[in-house]
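Trainee: Numbering (my numbering), first residue to last: 10 to 203.
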């Protein structure tokens, strides 16, 4: 077709992905390939097909008697979420999946250490910063989320026939002082037009 630009280098195939979490306010990486700054923690192994970043704006339409179509449409809000299933069970991952909570050492009858996880009470959930890292060959993308919060129920399958995963579901939080989310990339296809 006339004017069509086809470039198969602009097809993204995520050959490697990582999810990182940090305390809100932790310094973000300066670019798409620099080592993650201190304070960021990788959640470890995740299932190969579970990672999703969803952006879902909401709109309202004004209808008028003089038109069969809306005469004006305006955006009422933005909503974005991160979804991923964590394969590694750890105290840090439990706290991320449940939105906080406490882990304490308890006295046990045997000589091994035992621990107790208590999920957060109502009103006790904590926000986290998140980063989704996507690598396709030499192209790197980092979805940076300065504030997010776990806002869904947690359902785990404990079947004998497959691994049991921890479902991390984070809702992006906004504010006037910062972008709700942004992408850092070294992909030349993102270069602004001259």
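C-beta atoms are modelled at their ideal positions from N, C-alpha and C, and glycine is treated no differently.
What is the rounded straight-line gap between the Cα of residue 291 and the Cα of residue 59?
Mentor: The structure shown does not extend to residue 291, since the chain is modelled only from 10 to 203, so the question has no answer here.
Trainee: Along the chain, where does the alpha helix (DSSP H) containing residue 104 start, and where does it finish?
Mentor: It spans 100-107 - the alpha helix (DSSP H) in which residue 104 sits, taken as one unbroken run.
Trainee: So what's residue 16 in DSSP terms, helix, strand or just coil?
Mentor: Residue 16: coil per DSSP, three-state reduction.
Trainee: Comparing C-alpha positions only, which one of 86, 138, 54 sits nearest to residue 67?
Mentor: The residue with the shortest Cα to Cα distance from residue 67 is 86.
Trainee: According to the Cβ coordinates, are residue 30 and residue 97 closer than 7 Å?
Mentor: Cβ atoms of residue 30 and residue 97: not closer than 7 Å.
Trainee: Helix, strand or coil for residue 46 per DSSP?
Mentor: In the structure shown, residue 46 sits in coil (DSSP, three-state: anything other than H, G, I, E or B).
Trainee: Note the first and the last residue of the continuous beta strand (DSSP E) segment covering residue 29.
Mentor: Here the beta strand (DSSP E) through residue 29 covers 25-31.
Trainee: Going along the chain, which residues of its own chain have a beta-carbon closer than 7 Å to the beta-carbon of residue 191, five neighbours each way excluded?
Mentor: Correct list, in chain order: 153.
Trainee: So if DSSP puts residue 168 in a beta bridge, which residue, or which two residues, is it bridged to?
Mentor: Residue 168 pairs with nothing; no bridge assigned.
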